[in-house]
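Q: Quick note, the sequence shown lines up with residues -19 to -1, 1 to 290 if you use mature numbering (1 follows the signal peptide of the UniProt record, and there is no 0).
All C-beta atoms in this analysis are idealised placements derived from N, C-alpha and C, irrespective of residue type, glycine included.
Just dropping this structure here.
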Amino acid sequence: MIKKITFLAVLFISTLSFGQLGPVGHLTIFSEDGDKFTLILNGEVINDTPQTNLRVEDLNQPYYNAKIKFADQSLQDITKNNLMLTDVDGVFSDVTYKIKRDKNNKTKMKMNYYSSIPVQPNFIPASNVHVIHYGQPAPPPVTGSVSQTTTTTTQTNGVNVGVNMGGISMGVTINDNMGGGAVTQTTTTTTTHTSSSSGHHHDEEPVRGCGGKYAMSAGNFSAALATIKKQSFEDAKLKTAKQVVTANCLNVDQIMQMANTFSFEDNKLEFTKFAYDYCTEPKNYFKLNGIFSFSSNAEALSDYVQSRQ
């Protein structure tokens, strides 16, 4: 008996962009009943983790074919073709759709148009909205190994063949009507396959922080920074800055610029600690030590970062 197991590897190539060269629209979808869902646009999975309130920014196509799959598999999928991101004049908009359950059939789901506003460069989503900037790469799959063991046992005095493959046992007995003693022969073959999607060497940099996503685009960050600076009080600045960070990923330079909007070092320290989980380059977080006038605050930040590693 010959078993052939073929392992197929598929390479996914994504075109990445730090900024948009043309006009873009934004799409928000929320579930009125709190049902978690995954959004698929033109066949591309947008959010790996199901969400109840999802915002996708920087979409550059006027129409998308959308599909909604729910974490609760008893709920029916939603398919919506030609989902529009422009107004009647073809101008990109910030569009919101609402998902809700059918009143007569609780497993049937509907997605309806909810609202539309002009694209605002300084728009800051609510903290409970999961924001994805279109075109960000997903974290690479974890490299691992797969082992398969095949054991075959053959016995005379009749032929008894047992096969155990990957935990599945199969037995076949054939009586040859011949006498004689029993002879058992066991052969074990182990094959290990190791796959790596990236082909990176072990000494290359690990995956970036914030889930491997890109930092805010320059335009969105400038608008957010301007909004923070407009706040008259330190507490309001800190609250707004945290709101921006919660909904986005930032690099060290962006975090530094936000931190420098605060007059009090205590607020700088609180903010830089808060922003650590949203930094795309945590290995460079030491650069933030230079924003403090007092060495005790720089040491406090260093201790915090070390405690998180």
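(1) In or out: V72 buried (at least 16 other Cβ within 10 Å) or exposed?
(2) Suppose contacts are defined by Cβ-Cβ distances below 9 Å. Is E262 in contact with G190 by that definition?
(3) Taking only three categories from DSSP, how would you classify T77?
(4) Exposed or buried, what is F11 when buried is set at 16 or more other beta-carbons lying within 10 Å of its beta-carbon?
(5) Is A47 helix, strand or coil by DSSP?
(6) Along the chain, where does the beta strand (DSSP E) that runs through residue 297 open and close?
(7) Looking only at its own chain, which residues have a Cβ that is under 7 Å from the Cβ of D14, when we skip the five neighbours before and after it?
(8) Using CA coordinates, which residue listed in Q101, D70 and I49 is at the minimum distance from K91?
(9) In the DSSP assignment, find the beta strand (DSSP E) that holds Y285 and state where it starts and stops.
(10) With a Cβ-Cβ cutoff of 9 Å, do A228 and V112 count as a contact?
(11) For T135, which of helix, strand or coil comes out of DSSP?
(12) Quick one: what does DSSP say I272 is sitting in, helix, strand or coil?
(13) Near Q224, which residues of its chain fall below 7 Å by C-beta distance, leaving aside the five closest residues on each side in sequence?
(14) So that I know if they touch, is there some Cβ in chain C lying closer than 9 Å to that of M239?
(15) Does DSSP put I149 in a helix, in a strand, or in coil?
(16) Helix, strand or coil for D234? Go by DSSP, reduced to three states.
(17) Under the rule that 16 or more other beta-carbon atoms within 10 Å means buried, what is V26, buried or exposed?
(18) Just the Cα atoms here: how many angstroms apart are T33 and A47?
(19) Can L219 and Y115 be called in contact, C-beta distance under 9 Å?
(20) Which term fits K211, buried or exposed, when burial requires 16 or more other beta carbons within 10 angstroms of its beta carbon?
(21) The alpha helix (DSSP H) with I21 in it runs from where to where?
(22) Buried or exposed for G24, please, with buried defined as at least 16 other CB atoms from any protein chain shown within 10 angstroms of its CB.
(23) Please list the terminal residues of the continuous alpha helix (DSSP H) segment that includes I209.
(24) Just how far apart, CA to CA, sit T169 and N28?
(25) Pull up the distance between the alpha-carbon of K264 and that of S283, whole angstroms please.
(26) Relative to the alpha-carbon of K87, which residue among I236, N103, D58 and N62 has its alpha-carbon at the smallest distance?
A: To lay it out plainly:
(1) exposed
(2) yes
(3) strand
(4) buried
(5) strand
(6) This structure gives no information on residue 297, because the portion of the chain shown stretches from -19 to 290.
(7) K81 and R82
(8) I49
(9) Here Y285 belongs to no beta strand (DSSP E); instead the alpha helix (DSSP H) covers S276 to R289.
(10) yes
(11) Any answer about T135 is weak, because its pLDDT of 47 lies below 50 and its placement is not dependable; what the coordinates show is given next. Strand.
(12) helix
(13) I105 and S108
(14) Checking the listed chains, one finds no chain C in this structure; it contains a single protein chain.
(15) Summary for I149: the model assigns pLDDT 48, below 50, so the residue's position carries little reliability, and this model does not support an answer.
(16) helix
(17) exposed
(18) 16 Å
(19) no
(20) exposed
(21) That residue, I21, is in no alpha helix (DSSP H); its beta strand (DSSP E) goes F18 to L22.
(22) exposed
(23) A199 to K211
(24) In this prediction, T169 scores a pLDDT of 48, lower than 50, which makes its location untrustworthy; the coordinate-derived value is nonetheless stated afterwards. Taking the straight line from one Cα to the other gives about 43 Å.
(25) 12 Å
(26) D58
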